[in-house]
Each structure stands twice: as C-alpha cells, then as structure tokens.
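Structure, as structure tokens:
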Amino acid sequence: APSVRFCKTDFFPSLRPGQVKAMNRHVGRENLNNVIRAQGQENTRLSKFSYEYFITYTPDKNGRTNTFQQKPGTNLKYYTIYSCGCDNDKNRCRTGTDNIVPIEAVVTIVE
9 APSVRFCKTD FFPSLRPGQV KAMNRHVGRE NLNNVIRAQG QENTRLSKFS YEYFITYTPD
69 KNGRTNTFQQ KPGTNLKYYT IYSCGCDNDK NRCRTGTDNI VPIEAVVTIV E
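This is the structure:
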C-alpha cells in the first residue's frame, strides 16, 4: 500500500485493503499555506489545514490497482486520484482525532 499517513485506503470502498499500489509509489502531502499565498493571521490559519494524495490505476471490480483499466476498443486508460483533506498540520493529522475528508476522482488519459 502507499505510505500514507492519514489518507488511509480503507476510507475508499472501491479499494481492496492490501491490494493498493500507488503509481511510482508516489504519495504527496502538503499544508495549505504552502500552496496558497496569504499573510498574517490567514497564513497561520491555512497552516493548520493539509491534504494528502496518492494516484493509482483505477481499481478493477475486485478493488485491485495493479493493472490499468481500459475502455474496450479505445486507447482510454483510467487512473484514480485519492486525496484527503485534514484540519491539522500534514505531520500531525491523525485518524480518530482530526477531521479527515476523503475525495476520489477518476482521470481518463488517451494514449
């Protein structure tokens, strides 16, 4: 499984635990004040929110992400971005103590 800290794979019903492979083992996380420019109190407030994400092949019907899914008869391949927002710093966010909101988005690539 990807080395996520707080965006756990069990937040996503389409994934099968233990069968998730992040693309190139890439997992990203950041505090919002590092991606949104702000000054003073607003910068301090943004530093208390973070997100984490990982990208996989879109899972098959069994929740496995080890091979790409393709629409039959096309060059379309499907990838899924899984991300979570948290109301704490990226290094302090924890399941069970912080509010974590999972988001799932399917991306279609023509090859």
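In the working numbering, the protein residues as written are 9 to 119. We put the CB at the ideal spot given by N, CA and C, even for glycine. It should be emphasised that the depicted structure is a prediction, and the values quoted were computed from it without experimental measurement.
Could you check where the alpha helix (DSSP H) with Glu-119 kicks off and where it finishes?
Locating residue 119 in the sequence shown gives position 111, where the first residue counts as 1. Here Glu-119 belongs to no alpha helix (DSSP H), and DSSP marks it neither H nor E.
Please confirm if the stretch 64–84 is in contact with the stretch 33–44, defined as three or more CB-CB distances below 8 Å between the two stretches.
Remark: fewer than three beta-carbon pairs, one from each stretch, lie closer than 8 Å, so the stretch 64–84 and the stretch 33–44 are not flagged as touching.
Taking only runs that begin and end inside the stretch 28–68, name each unbroken beta strand (DSSP E) of 3 or more residues, in chain order.
Within the stretch 28–68, the complete beta strand (DSSP E) runs of at least 3 residues are 35–39 and 58–65.
Same chain, Cβ closer than 6 Å to Arg-37, five either side skipped, listed in chain order
For the purposes of this step, residue 37 is identified with residue 29 of the sequence shown, where counting begins at 1. Counting only Cβ-Cβ distances below 6 Å, and skipping sequence neighbours, we find Glu-60 and Lys-98.
I'd like to know whether the C-beta atoms of Ser-58 and Val-35 end up nearer to each other than 9 Å.
To locate residue 58, count along the sequence shown from 1; it is residue 50. To locate residue 35, count along the sequence shown from 1; it is residue 27. Result no, Cβ atoms of Ser-58 and Val-35 do not sit closer than 9 Å.
Look up Ser-91 in the DSSP assignment and give the residues it is bridged to.
As a working note, residue 91 is residue 83 in the sequence shown. Residue pairing from DSSP places Ser-91 in a beta bridge opposite Tyr-61 and Ile-111.
Are there three or more Cβ pairs, one per stretch, closer than 8 Å when the stretch 95–111 is compared with the stretch 65–75?
Between the stretch 95–111 and the stretch 65–75, the count of C-beta pairs closer than 8 Å stays below three; the two stretches do not touch.
Around the C-beta of Thr-52, are 16 or more other C-beta atoms found within 10 angstroms, so that it is buried, or is it exposed?
As a working note, residue 52 is residue 44 in the sequence shown. Using a 10 angstroms sphere on the CB of Thr-52, the tally of other CB atoms stays under 16, which defines it as exposed.
Which of helix, strand or coil DSSP assigns to Thr-105
Counting from one through the sequence shown, the residue named residue 105 turns up at place 97. For Thr-105, the secondary structure class from DSSP, reduced to helix, strand or coil, is coil.
Cβ-heavy atom distance, Gln-49 to the ligand NAD, below 8 Å
With respect to small molecules bound, the structure shown includes none, and the ligand NAD cannot be examined in it.
Can you list, in chain order, the residues of its chain whose CB lies under 6 Å from that of Ala-9, leaving out five sequence neighbours each side?
Start at 1 with the first residue of the sequence shown, and residue 9 comes out as number 1. For Ala-9, the pLDDT reaches just 47, beneath the cut-off of 50, and the residue's location in the model is therefore unreliable, leaving the point undetermined.
May I have the straight-line CA-CA distance separating Arg-13 from Val-115, to the nearest angstrom?
Taking the first residue of the sequence shown as position 1, residue 13 is located at position 5. Taking the first residue of the sequence shown as position 1, residue 115 is located at position 107. Going from the Cα of Arg-13 to the Cα of Val-115 covers about 23 Å.
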